[in-house]
Amino acid sequence: MSEPVRLQKIIAQAGLASRRAAEELILTGRVTLNGEIVTELGTKANPERDHIRVDGKLLHGPERHRYFVLNKPRGYVTTLSDPEGRPTIMELLAKSPKAPRERLYPVGRLDYLSEGLLILTNDGELANALSKASSGVAKTYLVKISGQPSEQALHQLRGGIMIERGRLQEGDRRNRVLTQPAEITLTRGGENPWYSVTLTEGRNRQLRKMFEEIGHHVEKIRRIAYGGLVLDVEPGEFRELTPGEVTALGRASQGRKVERKKVLPEAAKLKEPAKPKRKPGAKSSFKPAGPRRRSR
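Each residue of the sequence shown is one higher than the last, beginning at 1 in UniProt numbering.
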């Protein structure tokens with residue numbers, strides 16, 4: 001028989017909510033234990049013996065945890081529903097015949113116009129641990145900007161720069177926050193260059209705000225790595241993580257170092273030379289082969 005466990009942990013393990021959200025369910029009186037409403041966070045229960053209900057619905061023991069990586073396309077929100085009626089990643093998943101039956105939640109967010117690697121799981125414990133700022137999980141993005149920043153400006157970004165927090169009144173000093181140091185390398189040059197940027201935090205619209213501070217508009221953002229996990233599926237597609245990848249995410253959530261591929265596939269694509277475009281009206285250099293000679 002299993003040992004008694006805190007109620008919020010049982011609820012999180014059942015895939016109903018993250019640990020923090022489970023605590024809120026308890027505090028608001030939406031959880032009952034053997035018929036009695038529970039509002040104390042320290043309350044423990046035996047998931048195999050006790051009857052636990054959330055909003056009147058009986059928990060049937062821990063749900064099998066599942067973990068997926070999705071390549072989120074632009075034009076989708078990373079929420080379960082959207083009051084503005086925009087398409088959600090859950091609607092995207094539902095279109096697939098291989099869509100998992102479990103209720104999944106995104107780990108962190110990518111905004112509506114951003115794309116790339118997004119983790120989906122029903123493991124509330126891991127999702128909560130990965131989302132904590134204190135975990136310092138490395139996340140790598142490809143960022144396309146307008147114009148060419150100076151090396152001095154990039155040095156500012158690498159060392160940390162003050163950006164708008166976005167919660168208090170604009171212009172208030174308390175509304176400014178210093179970003180953590182970032183790794184930034186040029187991936188493809190040109191008038192609108194691409195940079196590889198690795199962050200260990202995830203503030204709201206952080207990349208856009210960082211580059212705006214040095215006078216450059218962000219045109220595209222694509223997340224290509226999260227901890228030791230690397231983006232390797234096409235836009236709009238998803239796959240289930242291997243046990244080794246799940247273990248690596250667990251290590252990353254604890255602040256432990258995780259090895260990953262040195263060359264990221266998505267970054268390597270940008271380094272490939274672009275195919276030259278034919279000018280309008282230009283003659284093709286292709287010459288049809290002449291008639292083959294018959295051997296005698």
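Yeah, the Cβ is synthetic: ideal placement off N, Cα and C, and Gly gets one too.
Nearest-angstrom Cα separation, counted from residue j out to residue i
i: Leu154; j: Ile184; result: 8 Å
i: Leu118; j: Leu7; result: 29 Å
i: Lys271; j: Asn128; result: 35 Å
i: Gly124; j: Leu80; result: 15 Å
i: Ile26; j: Gly250; result: 26 Å
i: Arg208; j: Tyr195; result: 13 Å
i: Pro193; j: Thr187; result: 8 Å
i: Leu168; j: Asn204; result: Residue confidence is low: Leu168 scores 44 on pLDDT, short of 50, so the model does not pin down where it sits. No coordinate-derived value is stated.
i: Leu41; j: Ala225; result: 36 Å
i: Ala94; j: Pro47; result: 31 Å
i: Val137; j: Gly35; result: 41 Å
i: Leu229; j: Ser18; result: 21 Å
i: Arg64; j: Ala267; result: 34 Å
i: Pro149; j: Val197; result: 14 Å
i: Ile10; j: Asp82; result: 28 Å
i: Arg86; j: Gln206; result: 22 Å
i: Lys132; j: Pro235; result: 27 Å
i: Leu59; j: Val69; result: 27 Å
i: Arg20; j: Pro243; result: 25 Å
i: Ser135; j: Leu178; result: 18 Å
i: Leu157; j: Ala45; result: 49 Å
i: Gly189; j: Gly116; result: 21 Å
i: Glu3; j: Arg49; result: 10 Å
i: Val233; j: Ala99; result: 15 Å
i: Arg176; j: Leu33; result: 45 Å
i: Arg53; j: Glu212; result: 48 Å
i: His51; j: Ile37; result: 12 Å
i: Met90; j: Ala248; result: 25 Å
i: Gly108; j: Glu191; result: 32 Å
i: Ala256; j: Leu199; result: Strictly speaking, residue 256 in this sequence is Arg, with Ala absent from that position. When rounded, the distance between both Cα atoms is 16 Å.
i: Gln254; j: Thr88; result: 30 Å
i: Val5; j: Thr43; result: 8 Å
i: Leu104; j: Lys269; result: 31 Å
i: Gly29; j: Leu126; result: 25 Å
i: Glu84; j: Arg165; result: 24 Å
Reference residue i, options the options, closest by Cα
i: Tyr67; options: Arg188, Leu241, Gly189 and Lys209; result: Leu241
i: Leu130; options: Pro106, Ala182, Pro149 and Ser150; result: Pro106
i: Leu231; options: Gln13, Lys44, Pro73 and Ala22; result: Pro73
i: Arg162; options: Asn34, Ala248, Arg239 and Met210; result: It should be pointed out that residue 162 corresponds to Met in this sequence rather than to Arg. When each option's Cα is compared against that of Met162, the closest is Met210.
i: Gly159; options: Arg165, Pro149, Val137 and Ala182; result: Ala182
i: Glu201; options: Ile214, Glu212 and Gln180; result: Gln180
i: Glu151; options: Val137, Ala138, Ile214 and Leu199; result: Ile214
i: Gln13; options: Glu102, Arg239 and Leu264; result: Glu102
i: Val246; options: Val258, Ile89, Gln148 and Gly236; result: Val258
i: Leu264; options: Val31, Arg223 and Glu164; result: Arg223
i: Pro97; options: Ile10, Leu178, Phe238 and Gly255; result: Phe238
i: Asn122; options: Asn175, Ile10, Gly15 and Thr32; result: Gly15
i: Thr39; options: Ile52, Glu23 and Ala45; result: Glu23
i: Val31; options: Arg49, Ala45, Arg20 and Gly56; result: Gly56
i: Lys139; options: Gly29, Arg260 and Leu92; result: Arg260
i: Gly227; options: Ala252, Gly244, Ala45 and Glu212; result: Ala252
i: Ala71; options: Leu120, His51 and Ile37; result: First, the residue type needs correcting, since residue 71 is Asn and not Ala in the sequence shown. Of the candidates Leu120, His51 and Ile37, the one whose C-alpha sits nearest the C-alpha of Asn71 is Leu120.
Paired residues, beta bridge with residue i - DSSP
i: Leu25; result: According to DSSP, which records beta bridges pairwise, Leu25 is partnered with nothing at all.
i: Lys72; result: Gly116
i: Leu58; result: Arg53
i: His37; result: Here the sequence assigns Ile to residue 37, which means His is not the residue at that position. Ile37 is bridged to Thr32.
i: Ala45; result: Val5
i: Leu178; result: Met162
i: Pro106; result: Leu120
i: Glu183; result: Thr198
i: Thr88; result: Val77
Minimum Cβ-Cβ distance from residue i to chain D less than 8 Å
i: Glu212; result: This model lacks chain D altogether; it includes just one protein chain.
In chain order, each beta strand (DSSP E) run of at least 3 residues that lies wholly inside the region 115-169: Taking only runs of at least 3 residues, the beta strand (DSSP E) segments lying wholly in the region 115-169 are 115-121, 139-145 and 162-164.
Length-filtered (3 minimum) beta strand (DSSP E) runs lying within the region 185-245: 194-199, 218-226 and 238-240, all fully within the region 185-245.
Stretch pair the region 131-148 + the region 213-227: three plus CB contacts closer than 8 Å: Between the region 131-148 and the region 213-227, the count of Cβ pairs shorter than 8 Å is three or higher; the stretches touch.
Cβ contact check for the region 92-112 and the region 70-84: 3 or more pairs under 8 Å: The region 92-112 makes contact with the region 70-84, as at least three CB pairs between them are under 8 Å.
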